[in-house]
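Sequential numbering of the sequence shown, starting at 775, is according to the working numbering. All residues carry an ideal CB built from backbone N, CA and C; glycine is no exception. Keep in mind the model is a prediction, meaning the values are calculated, not measured. Have a look at the structure below, then the notes.
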Amino acid sequence: MSKLIRFGRRYFAAAAGAAYAFTLGLRNARHRSLLQQIATHFGHDDYPDRALPGVAADAVTSWSTDVALPEPEGRDGNVSLLELLVLARIVRERRPASLFEIGTFDGRTTLALAANAPNDAVVYTLDLPAGTPTELSIVESERQYVEKAASGARLRGYPAALGKVRQLYGDSATFDFAPYAAQFVFVDASHAYEYVLKDSESALRLVGDTRGVILWHDYGAWDGVTRALDELYMRDPRFKDLHVISGTTLAILEH
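If you want it as structure tokens, here you go:
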């Protein structure tokens, strides 16, 4: 009987929460994300005609690679735990001396990059300060990720990892990337089509002629990201080797 009572309480709590989340709660991005997850679980695909070919996570990185994940619990706006694991593995295996993240948010991914990079590596992370006008238009629903109390808040409790991190501030559309170079670039800033195109060009310049890897977040989850990367893949020979990592929203380009 106790199991039945517990199930009943759980059922009614879930039902009430769902009723709120899918009505008045739709104003909250976390609830909208939940709606998308449920729809995907039952077979709905917002972007059935995605152009990028898929590649298995274990084809681009090894399942046996040991990594450190200091902040495994995510929140709305973070990469998934699988995505965090893939990013950490890539950094651990490729051992880049310089890493550049476009879009810091709360610093969860930044922290994972720093924790798995070589001891003498440098992790640059660029973020738009709250209240700063943007050169290009952004998606209205992503303003909540810009208007935050502090950039990289999760980094504060990890002084060892923070020692590798160099926090930079500015608009990625106008930021001067010329003084920087990187063998690993992670693009996770604005999801707007024009910004993704601009940030992708900046990522290529950061890697330059050296061997490196570029990853993008939210392919197949945000229209602007999906459209921009599909267009680059189909029309620009420099992006002909773009793939999406199966089971994630990560796109990858080995340069």
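Item, Value
"Rounded C-alpha distance that separates VAL961 from ALA830", "20 Å"
"Continuous beta strand (DSSP E) assignments of at least 3 residues falling wholly in the stretch 891-921", "896-901"
"VAL999 - DSSP class collapsed to helix/strand/coil", "helix"
"For LEU856 and ARG863, the rounded distance between their alpha carbons", "11 Å"
"Burial state of TYR967 (16 or more Cβ within 10 Å)", "buried"
"Residue range of the unbroken alpha helix (DSSP H) whose run includes SER946", "No alpha helix (DSSP H) contains SER946, which DSSP labels as neither H nor E."
"Whole-angstrom distance between LEU936 and HIS965, CA atom to CA atom", "26 Å"
"Endpoints, beta strand (DSSP E) assigned at GLU1028", "1025-1028"
"Residues that DSSP places opposite ILE1019 in a beta bridge", "VAL829"
"THR883 beta carbon less than 8 Å from that of LEU900", "no"
"Residues near PHE1013 in its chain [Cβ-Cβ closer than 8 Å; skip 5 each side]", "SER974, LEU1003, LEU1006, TYR1007, LEU1027"
"Residue of ALA947, PHE879, LEU859, GLU867 minimising C-alpha distance to ASN852", "PHE879"
"Between the CA atoms of THR797 and TYR954 - distance to the nearest angstrom", "46 Å"
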